[in-house]
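Sequential numbering from 0 applies to the sequence shown in the numbering used here. Glycine included, each C-beta is placed from N, C-alpha and C at the ideal position.
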Amino acid sequence: MTPTCSLCGSDRSVPAFEKSGQEYRRCGTCTLLFSQERTNANFQPSIDDFEPAYRQYLEERPIDALNLDDVIAWIESFVDLKNPDVRLLDVGAGSGQLVRRLQNTRTCAVSGLEIPINLADTLHVVWRRAA
Ligand SMILES: [Zn+2]
């Protein structure tokens, strides 16, 4: 099967590098670095694939709700989080606990962004090769 570029759909690509057994290719048309393996090392297919300790880290605990409510109260000193027109982005969202707490207790739109370390490595490689 000929790999096709995730961005432009071109079937012209060459091998770029390999990481964790995953081949990355460079598109010959738009130069995007891409991978098409189903088992992309940067994205876990399901929560069950994480180690038990990490799944435990993701669980909600009552003490976390108290701490998160303090953080939310601090944010609300700047912006009305019950306004559905307000959009909040949690950069470095970690396990996403603050995002989930806001979704469950406020009406603002909230999203979380967390870049896994291995993906940050890949982004660094893309940047270095493009420079
Ligand atoms: Zn392309």
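{"Check": "Endpoints, beta strand (DSSP E) assigned at D69", "Outcome": "No beta strand (DSSP E) holds D69; the alpha helix (DSSP H) holding it covers 61-75."}
{"Check": "Three-state class that DSSP yields for L88 in the structure shown", "Outcome": "strand"}
{"Check": "C-beta contact flag for R100 and I74 at 8 Å", "Outcome": "no"}
{"Check": "Same chain, Cβ closer than 6 Å to L80, neighbours up to 5 away in sequence not counted", "Outcome": "R105, C107"}
{"Check": "Same chain only: Cβ atoms within 6 Å of L6, ignoring 5 sequence neighbours per side", "Outcome": "C29, L31"}
{"Check": "Separation of Y23 from V98, as counted between CA atoms", "Outcome": "32 Å"}
{"Check": "For V78, three-class secondary structure by DSSP", "Outcome": "coil"}
{"Check": "For review: beta carbons within less than 6 Å of any heavy atom in ligand 1", "Outcome": "C4, L6, C7, S9, C26, T28, C29, L31"}
{"Check": "Simplified DSSP assignment, three categories, for P115", "Outcome": "coil"}
{"Check": "Beta-carbon proximity check, D47 vs Q96, cutoff 8 Å", "Outcome": "no"}
{"Check": "Secondary structure of Q55, DSSP reduced to three states", "Outcome": "helix"}
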